[in-house]
Amino acid sequence: MNPSFKAFGSKAILIEWPPQISETILLDILLFKQKIESRFKGFYDLTTAYNSLTIFLQNPITDFDKQVAILKNIYQTPIRLSNLDHYVWQIPVCYDLEFGLDLEFYLKSKNLSLDQLIDLHTKPLYTIHFLGFLPGFPYLGGLPETLNIPRKFNPSLNVPKGSVGIGGKQTGVYTMESPGGWYVIGKTPIPFFDVNLKDPCFLKAGDKIKFFEISKDDFYKISNEIEKQNYLVKMELYHA
1 MNPSFKAFGS
11 KAILIEWPPQ
21 ISETILLDIL
31 LFKQKIESRF
41 KGFYDLTTAY
51 NSLTIFLQNP
61 ITDFDKQVAI
71 LKNIYQTPIR
81 LSNLDHYVWQ
91 IPVCYDLEFG
101 LDLEFYLKSK
111 NLSLDQLIDL
121 HTKPLYTIHF
131 LGFLPGFPYL
141 GGLPETLNIP
151 RKFNPSLNVP
161 KGSVGIGGKQ
171 TGVYTMESPG
181 GWYVIGKTPI
191 PFFDVNLKDP
201 CFLKAGDKIK
211 FFEISKDDFY
221 KISNEIEKQN
231 YLVKMELYHA
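Each residue of the sequence shown is one higher than the one before, counting from 1 in this note's numbering.
Here it is in structure tokens:
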């Protein structure tokens with residue numbers, strides 16, 4: 001691949017790949033991120049997106065071409081991989097009208113039955129490309145084209161925590177109460193972000209999510225188990 005390098009203000013460098021949602025691009029970004037973490041000095045944060053990596057520097061850039069030359073050399077240098085294991089997380093979702101605030105409208109708009117929606121939404125193995133918008137909010141690749149729908153023209157002011165939504169070509173989980181422009185089709189009892197934990201979010205870019213359907217009774221049962229700290233999200237090592 002041949003990513004491009006641009007100055008992003010006076011203290012950041014934006015590195016961009018082709019503008020598409022691709023696992024090949026994701027893996028290239030994650031590998032380059034690991035190389036930078038081990039071989040590049042003078043940065044305080046790295047932020048990834050679907051097709052970009054931004055390096056936030058401690059000091060203003062004085063010689064952009066020199067910095068780019070160093071980064072290109074790092075990019076092209078082989079590295080022994082470490083800690084690039086990824087996991088499949090099993091996430092329960094209740095597709096009930098009580099939680100699917102936009103479910104009726106969505107089904108009517110897409111000319112789908114509830115069973116068809118559940119089957120289509122739970123079938124894929126979704127890839128987490130990056131976390132953003134809200135703390136721990138996973139941007140996922142892999143939504144079936146049949147489920148694509150334009151985002152709301154007028155966003156909702158209060159989308160409840162745990163809401164599972166679809167907007168454009170994406171699906172995701174609102175990790176806290178927030179305004180939002182995606183259509184809410186269900187809800188998960190799983191908390192994706194907890195500021196009180198050493199690692200507030202258990203997800204990371206490159207991991208996978210597999211949704212599975214639960215009943216409303218199961219939703220409240222799992223919620224109760226989580227409150228008592230008796231529930232663990234099922235996960236397994238991902239093998240490509």
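Glycine included, each C-beta is placed from N, C-alpha and C at the ideal position.
Extent of the continuous beta strand (DSSP E) run through D45 | First-last of the beta strand (DSSP E) with D45: F43 to T48.
Three-pair Cβ contact test at 8 Å for the region 219-238 versus the region 190-207 | Taking 8 Å as the limit for Cβ pairs, the verdict is that the region 190-207 does touch the region 219-238.
If you pair each beta-carbon of the region 206-215 with each one of the region 108-127, do three or more pairs fall below 8 Å?
-> Contact check between the region 206-215 and the region 108-127: three or more CB pairs, one atom from each, fall below 8 Å, which counts as touching.
Alpha carbon to alpha carbon, how far is P19 from L27?
-> So the two alpha carbons sit approximately 15 Å from each other.
Quick one: grab the DSSP three-state call for Y183.
-> Y183 sits in a strand when the DSSP states are folded into three classes.
Pick from D96, Y75, P150 and L71: whose alpha carbon is nearest that of S109?
-> Of the candidates D96, Y75, P150 and L71, the one whose C-alpha sits nearest the C-alpha of S109 is P150.
The region 135-151 contacting the region 168-186, beta-carbon criterion three pairs below 8 Å = With the cut-off at 8 Å, the region 135-151 and the region 168-186 touch.
Check whether the Cβ atoms of L112 and I185 sit closer than 7 Å, and answer yes or no.
-> No Cβ-Cβ contact shorter than 7 Å links L112 with I185.
Taking the alpha-carbon positions, what's the K152 to K66 distance?
-> K152 and K66: Cα-Cα distance of roughly 45 Å.
Of all the beta strand (DSSP E) runs that stay within the bounds of the region 36-120, which reach a length of 3 or more residues?
-> For the region 36-120, whole beta strand (DSSP E) runs of length 3 or above, ordered along the chain, are 43-48, 52-57 and 87-93.
Pair every Cβ in the region 48-59 with every Cβ in the region 160-167, then say whether three or more of these pairs are closer than 8 Å.
-> In short, these stretches do not touch, since the Cβ pair count stays below three.
F40 vs I74 beta-carbon contact at 7 Å = Taking 7 Å as the cut-off, the Cβ atoms of F40 and I74 count as close.
Which listed residue (L30, I29, P60 and L31) has its alpha carbon closest to that of Y44 | Per the Cα distances, P60.
Where does the unbroken alpha helix (DSSP H) through E227 begin, and where does it stop?
-> In this chain, the alpha helix (DSSP H) harbouring E227 covers K216 to E227.
Among residues of its own chain, excluding the 5 on either side of P179, which ones have a beta-carbon nearer than 8 Å to its beta-carbon?
-> Short of 8 Å from the beta carbon of P179, and not among the five residues preceding or following it, lie these beta carbons of its own chain, in chain order: P155, S156, L157, N158 and V159.
Host beta strand (DSSP E) of P253 (start-end) = Because the chain here runs from 1 to 240, residue 253 falls outside it and cannot be looked at.
Supposed contact pair H86 and Y231 - C-beta distance, whole angstroms, cut 8 Å | About 22 Å separates the beta carbons of Y231 and H86, which is beyond the 8 Å limit, so they are not a contact pair.
Skipping 5 residues on each side, what residues in its chain have a beta carbon closer than 8 Å to that of L97?
-> If you ignore the 5 residues before and after L97, its C-beta comes within less than 8 Å of the C-beta of L103 and E104, all in its own chain and listed in chain order.
Please state whether DSSP places F32 in a helix, a strand or coil.
-> Helix.
In three-state DSSP terms, what is I190?
-> Coil.
Helix, strand or coil: how does DSSP classify T175 here?
-> Reduced to three states, the DSSP call for T175 is coil.
Taking Cβ positions, are A12 and T54 nearer each other than 7 Å?
-> For A12 and T54, yes; Cβs fall inside 7 Å.
Buried versus exposed call for S163 [16 or more other C-beta atoms within 10 Å across all chains shown] = Buried, because 16 or more other Cβ atoms sit within 10 Å of the Cβ of S163.
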